[in-house]
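Residue 81 in the numbering used here sits at position 68 of the sequence shown, and the numbers go up by one each step.
Worksheet for the structure shown next.
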Amino acid sequence: MRLMLLGPPGAGKGTIAKKLIDKYGVPQLSTGDLLRAAVKEGTTLGLEAKKFMDAGELVPDKIVIGLIKERLAQRDCAKGFILDGFPRTLPQAQALAEITSLQAVINLDVSDEEVVARLSGRRTCPQCGAIYHVKNIPPKTPGKCDKDGADLIQRDDDKEEAIRNRLTVYRRQTVPLIDHYRAAGILQEVDGAAGVDNVTAAAVKVIENIR
Ligand code: AP5
Ligand code: MG
Ligand code: ZN
14 MRLMLLGPPG AGKGTIAKKL IDKYGVPQLS TGDLLRAAVK EGTTLGLEAK
64 KFMDAGELVP DKIVIGLIKE RLAQRDCAKG FILDGFPRTL PQAQALAEIT
114 SLQAVINLDV SDEEVVARLS GRRTCPQCGA IYHVKNIPPK TPGKCDKDGA
164 DLIQRDDDKE EAIRNRLTVY RRQTVPLIDH YRAAGILQEV DGAAGVDNVT
214 AAAVKVIENI R
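Shown next, in the form of structure tokens:
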């Protein structure tokens with residue numbers, strides 16, 4: 014399976030990817046997660062990327078293309094992968110096409126209003142990466158991860174100003190990919206505003222048609 018999840022910030026790309034990797038046993042390749050790991054480790058790349066991420070800007074193509082190339086070369090990607098948050102510019106899509114071909118791109122459609130509501134209530138686990146929402150998908154104990162009990166955190170870029178800029182950047186730089194993949198005949202529209210189970214079921218339907 015060579016699948017990509019496309020959609021605005023907060024569309025549920027990470028949430029749905031985690032459901033699908035459990036079901037299909039393929040890795041989730043999230044450039045956001047790879048970059049946040051580099052920031053946490055304090056690498057040169059991480060320090061460079063952090064400036065862009067905190068402002069809600071895209072990290073330069075060269076950096077993310079390098080990261081994803083390295084990740085795709087790892088053995089666990091041989092049986093397939095689910096890309097989450099890459100590509101998000103046309104040059105990134107071109108670079109990806111030189112390495113591998115996608116079978117389907119699922120476009121998660123969600124309104125701006127819903128994006129803001131989702132991101133302002135999002136909490137994540139710094140230990141295992143689990144994603145919660147204070148209202149929609151609350152942890153059993155407020156502020157604690159269900160799986161490992163770690164204290165949940167808010168992402169640095171989930172502040173109102175950064176959220177607004179991420180939406181602007183999404184429209185300017187990532188929306189062109191919708192037409193790009195539609196023209197390639199592999200775009201699948203999914204209503205991202207439906208509940209997690211419904212969105213997952215719609216994604217499973219797409220996957221069953223490409224396997
Ligand atoms: P990245 O980490 O990719 O962030 P993003 O695209 O802004 O998307 P999010 O992770 O915020 O949202 P999501 O769609 O994964 O939603 P989630 O499942 O968490 O990128 C961060 C930054 O890194 C970028 O701004 C950029 O700087 C850099 N970067 C990354 N990739 C790059 C690239 N390729 N090129 C250049 N720069 C790059 O869900 C959100 C919330 O909603 C959660 O609280 C969740 O519980 C809830 N929720 C999810 N689904 C549902 C549902 N169906 N119903 C109700 N609630 C739901
Ligand atoms: Mg995400
Ligand atoms: Zn956890």
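Backbone N, C-alpha and C define an ideal beta-carbon position, used for all residues, glycine too.
Values in this document were obtained by computation on a predicted structure and should not be read as measured data.
Query, Result
"LYS172 beta carbon near the ligand MG (any heavy atom closer than 8 Å)", "no"
"Euclidean distance between Cα positions of GLN140 and VAL203", "30 Å"
"Separation of VAL129 from ALA207, as counted between CA atoms", "16 Å"
"Residues near TYR183 in its chain [Cβ-Cβ closer than 6 Å; skip 5 each side]", "PRO21"
"Whole-number beta carbon distance between ILE95 and LEU180, since they are thought to touch under 8 Å", "Actually they do not touch by this definition, with Cβ atoms about 23 Å apart."
"Sufficient close CB pairs (3 or more, under 8 Å) joining the segment 106 to 114 to the segment 40 to 53", "no"
"Start and end residues, alpha helix (DSSP H) containing ASN178", "173 to 182"
"Whole-angstrom C-beta distance between GLY93 and SER43, which should lie under 8 Å", "That pair is no contact at about 15 Å."
"Alpha helix (DSSP H) segment containing LEU60, residue limits", "57 to 68"
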